[in-house]
Structure formats: C-alpha cells, structure tokens
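See below for the structure under consideration.
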C-alpha cells in the first residue's frame, strides 16, 4: 500500500508502449542506499478496458481539476482532495473486494506490522 500512496504523477513517464513510474521517496522496506522501485506497466492495447496503464493515464486526466496542486496519484474524493494514506487505500480496496462478493475475512488488503 505504501508504494501506491507514494506515486507522484510528476514521476510517471509514458514511453509509447509502457508507463514507467519511479518511486522517488524511500519505501519503508527499502534499505538505505538501495535503488527505489521503478514500476513498468506495458500498455495492453488488445483490450484497453483492462489495461492498468490506460486506466492510470485516464485517471490522471479525469482528476486534474479535482487534485489542484496535489501531485500524488491517489487523491481523496472528499474535499480538500489531498493525497490518501495507505490506511485509506486499504479501506477502499477492502470495500471494493467486499462489494464484489469476496469474503474479506480471508483476504487482507493491508497488513499492519
């Protein structure tokens, strides 16, 4: 969850056939002086409806006015539309799974250490 909440839209680059998402801030589980994650999402042009790269690109465009000066990828739908925490993202995922009929007592979106 932490990695997803650290995504900054200024660090998402489209390379034609893929999105590259560089995580600049240190992830909690990363060792000091280690390279931070680089997420690569290829465009799945065969079926755009299930393509994560297209979904992210569309989401950024559709939330442009909502986010204002906020540069984090994931923003709250409630004012003041700030970046969401890992805990909030965890709740969103759990609710989506629950609404999809998945027994969330067996599947945890976020593990507290």
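Residue numbers (our numbering): 94 to 206. C-beta: ideal position from N, C-alpha, C; glycine also.
DSSP, read as helix, strand or coil, puts residue 115 in strand. With a cut-off of 8 Å on Cβ pairs, the region 181 to 193 is not in contact with the region 99 to 106, counting fewer than three such pairs.
Within 10 angstroms of the beta-carbon of residue 168 lie 16 or more other beta-carbons, which makes it buried.
Its chain contains 163, 168 and 169 as the residues whose beta carbon lies nearer than 7 Å to that of residue 175, once the 5 sequence neighbours on both sides are disregarded; these appear in chain order.
About 7 Å separates the beta carbon of residue 146 from that of residue 111, a gap short enough to meet the 8 Å contact definition.
Only residues of its own chain outside the window of five on either side were considered, and among them 174 have a CB closer than 6 Å to the CB of residue 159, listed in chain order. Put simply, the backbone Cα of residue 129 is about 30 Å away from that of residue 140. Straight across, the Cα-Cα distance linking residue 198 with residue 190 is about 11 Å.
Cβ-Cβ distances below 6 Å link residue 193 to nothing in the same chain once the five nearest sequence neighbours on each side are left out. Counting only runs of 4+ residues, the alpha helix (DSSP H) found wholly inside the region 137 to 185 occupies 145 to 155 and 157 to 160, in chain order.
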